[in-house]
Structure formats: C-alpha cells, structure tokens
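Student:
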Amino acid sequence: MKLLTIFLMTSLVFVANAKEQKSHREHGAHAHGAGSLGMAFEGTTGRIDFKMPGESVIGFEYVAKSAKDKSKRDAALLILEKSIAEMIVFESSLNCRFTKEKIEIIAESAKHSSVAASFKIDCAKSPVGTEIVFNFQKQFPKIKDLDVEVVADTVQKSVEVKKNNTKLLLK
Numbered sequence: 789m790k791l792l793t794i795f796l797m798t799s800l801v802f803v804a805n806a807k808e809q810k811s812h813r814e815h816g817a818h819a820h821g822a823g824s825l826g827m828a829f830e831g832t833t834g835r836i837d838f839k840m841p842g843e844s845v846i847g848f849e850y851v852a853k854s855a856k857d858k859s860k861r862d863a864a865l866l867i868l869e870k871s872i873a874e875m876i877v878f879e880s881s882l883n884c885r886f887t888k889e890k891i892e893i894i895a896e897s898a899k900h901s902s903v904a905a906s907f908k909i910d911c912a913k914s915p916v917g918t919e920i921v922f923n924f925q926k927q928f929p930k931i932k933d934l935d936v937e938v939v940a941d942t943v944q945k946s947v948e949v950k951k952n953n954t955k956l957l958l959k
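Residue numbers (the numbering used here): 789 to 959.
Dropping the structure here:
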C-alpha cells in the first residue's frame with residue numbers, strides 16, 4: 789500500500805507541476821492567489837498536499853516578527869488545520885476524517901514564502917463515484933486559483949477552484 793501511495797503522489801506531483809507550468813506560465817514560479825492541491829487515495833485512505841503563497845493564506849509573506857504578525861500567522865494556520873473538512877467536503881455517507889500531518893511555512897526567497905500542508909484522510913468508503921466540493925474562499929478569500937488534482941484508485945481528475953462550491957465528480 790505504501791508503494792502505491794508513493795507512486796500516486798509522485799505521479800500527482802508530476803502532473804500538477806506540468807499543469808502549473810503550462811497553465812500558469814505567465815505568472816512565473818510564485819503567483820499570489822494561485823496554488824495547488826494534490827489528493828491521492830488508495831481505497832479508503834488518502835493524502836492531501838496543499839501549497840499556496842503565504843500572502844493568500846496569512847496575508848503576508850515576510851517572516852513574522854511582531855506579536856501582531858505572529859498572532860495573525862498562527863490564527864490563519866489554525867483555520868487551515870481546523871477547517872479543512874469545510875474546505876474539502878466529501879459526501880457525508882463516506883464519513884471521512886482528516887488528520888493533520890504537517891503545516892509549515894516555506895521561505896522561497898527573502899520576499900516570498902508559501903504555506904504547505906499535508907493531511908491524511910480516512911473514509912468509511914472509497915470516494916470513487918462520489919462528488920467533492922471545494923470551499924477554500926470561505927476561509928481564505930485571497931485564494932483565486934487553486935489547481936486540484938485527484939487520483940482515487942484508477943480515477944484521475946482535475947479541477948480549477950476559482951470560487952466556493954466548485955465540484956469534482958470522481959467518475
């Protein structure tokens with residue numbers, strides 16, 4: 789199972805990177821409001837990898853030094869952790885549960901940083917044949933373009949999330 793998960797995630801990253809280079813070439817390597825989300829399932833177990841410029845999640849990209857900035861950063865990261873099930877909504881019959889693996893800020897340069905997060909998902913049933921609804925802008929209105937790639941067993945789908953209530957059918 790671990791080998792298949794590693795293979796799926798590697799494939800997913802490759803596809804997401806190829807798509808990002810093709811569809812966001814005009815933005816360069818770092819575009820505010822534009823990020824990626826990869827999701828891979830093997831049966832009922834999945835993993836999510838999310839990456840977005842810090843400005844789109846926290847509101848700034850520099851290293852937080854003041855108490856106010858640290859508080860703002862910590863609050864935004866807590867929202868990401870606690871609200872992930874509201875931002876990625878599986879059908880209730882799947883009974884999916886999210887577990888944070890990590891959330892971190894990655895400094896890409898002196899002026900640019902990204903928020904990277906990974907979550908484990910455990911569901912009672914496979915999500916294949918169901919619908920996923922994405923609602924990132926409810927919590928983070930600065931997210932304008934989230935490229936989502938999902939691999940669930942033999943199904944591979946993608947969607948560009950530009951607004952709340954964006955749906956992806958896994959068939």
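A virtual CB, placed ideally from N, CA and C, is assigned to each residue, including glycine.
Return the bridge partner residues of F838 from the DSSP annotation.
Tutor: Paired residues: L825 and A905.
Student: Rounded to a whole number of angstroms, what is the C-alpha to C-alpha distance between Q927 and V916?
Tutor: Using only the alpha carbons, I get a separation of about 27 Å.
Student: Ends of the beta strand (DSSP E) at A895?
Tutor: From DSSP, the beta strand (DSSP E) with A895 extends over R885 to A895.
Student: Which residue wins for smallest C-alpha separation from L868, given the options K839, D910 and K950?
Tutor: Looking at the Cα atoms, K839 is the closest of the given residues.
Student: Express the C-alpha separation of S859 and V947 in angstroms, rounding to a whole number.
Tutor: Going by the C-alpha atoms only, they are around 33 Å apart.
Student: Tell me whether P929 is buried or exposed, calling it buried when 16 or more other Cβ atoms sit within 10 Å of its Cβ.
Tutor: Exposed.
Student: Does the beta-carbon distance from G842 to D933 come in below 8 Å?
Tutor: Cβ distance not < 8 Å, so G842 and D933 don't count as in contact.
Student: Can you name, in chain order, every residue of its own chain whose Cβ lies under 8 Å from the Cβ of L958, other than the five neighbours on each side?
Tutor: If we look at L958 and ignore the five residues flanking it on each side, its Cβ neighbours are P915, V916, G917, T918, E919, I920, V938, A940, V943 and K945.
Student: I'd like the list of long-range same chain contacts for S902, defined as Cβ closer than 7 Å, with 5 residues on each side in sequence excluded.
Tutor: If we look at S902 and ignore the five residues flanking it on each side, its Cβ neighbours are K839, M840, P841, G842, I894 and E896.
Student: Note down, in chain order, each residue of its chain lying with its Cβ closer than 6 Å to the Cβ of E837, except the 5 sequence neighbours on either side.
Tutor: The sequence given here places Asp at residue 837; Glu does not occur at that position. Excluding positions up to five away in sequence, the list reads G826 and S906.
Student: Are I909 and C884 touching if we call contact CB-CB under 8 Å?
Tutor: Yes, these two residues count as a Cβ contact at 8 Å.
Student: Roughly how many angstroms lie between the CA atoms of K913 and A864, to the nearest whole one?
Tutor: Between K913 and A864, the C-alpha separation is close to 31 Å.
Student: Just the C-alpha distance for V949 and K856, rounded to the nearest angstrom, thanks.
Tutor: Distance between the alpha carbons of V949 and K856: 30 Å.
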